[in-house]
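Each number in the working numbering comes from the position in the sequence shown (counting from 1) with 315 added on.
Positions of the beta carbon are idealized from the N, C-alpha and C atoms, including for glycine.
Report on the following structure.
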Amino acid sequence: MTQDESFEITILDTGDTFLCKRGQNVLLAMERLGLQGIPVGCRGGGCGICRVRILGNGKYRTKKMSRAQVSEKDESNGIALACRLIPEGDLRILPVGFLRNHSN
316 MTQDESFEIT ILDTGDTFLC KRGQNVLLAM ERLGLQGIPV GCRGGGCGIC RVRILGNGKY
376 RTKKMSRAQV SEKDESNGIA LACRLIPEGD LRILPVGFLR NHSN
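Given below as structure tokens:
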């Protein structure tokens, strides 16, 4: 793996596919390309606007996210905030939206 390595991200409901550089979050990579497949909020892991479900066996890690928006159970079920989602391989994602009253 090299520092310049990129991973292919596919947003399933729009069919958009784009590259995300190693260490870059998915939301930033999408925005830099002018795409709009994932809703954009605070960009800091707190608001929950950019919630996505990671489908399949994609490899990734996440930075700190608000537990009010993504519970540990959600995270173990492949839910993350795109602004805190760092791919370590190709990913297929589906935006799942903001939850006002999170009750897990």
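In this model, R366 and I324 are separated by some 15 Å (Cα to Cα). From the listed residues Q339, L334, T329, the smallest Cα separation to L400 is found for Q339. For A395, the enclosing beta strand (DSSP E) begins and ends at 394-396. DSSP places D319 in the coil class of the three-state scheme, outside both helix and strand. Remark: fewer than three beta-carbon pairs, one from each stretch, lie closer than 8 Å, so the segment 381-393 and the segment 333-353 are not flagged as touching. Pairing V411 with R368 gives a Cβ-Cβ distance under 8 Å. Shown here, R337 sits in coil according to DSSP, grouped into three states, outside any helix or strand. By the 16-neighbour rule on beta-carbons within 10 angstroms, C357 is exposed.
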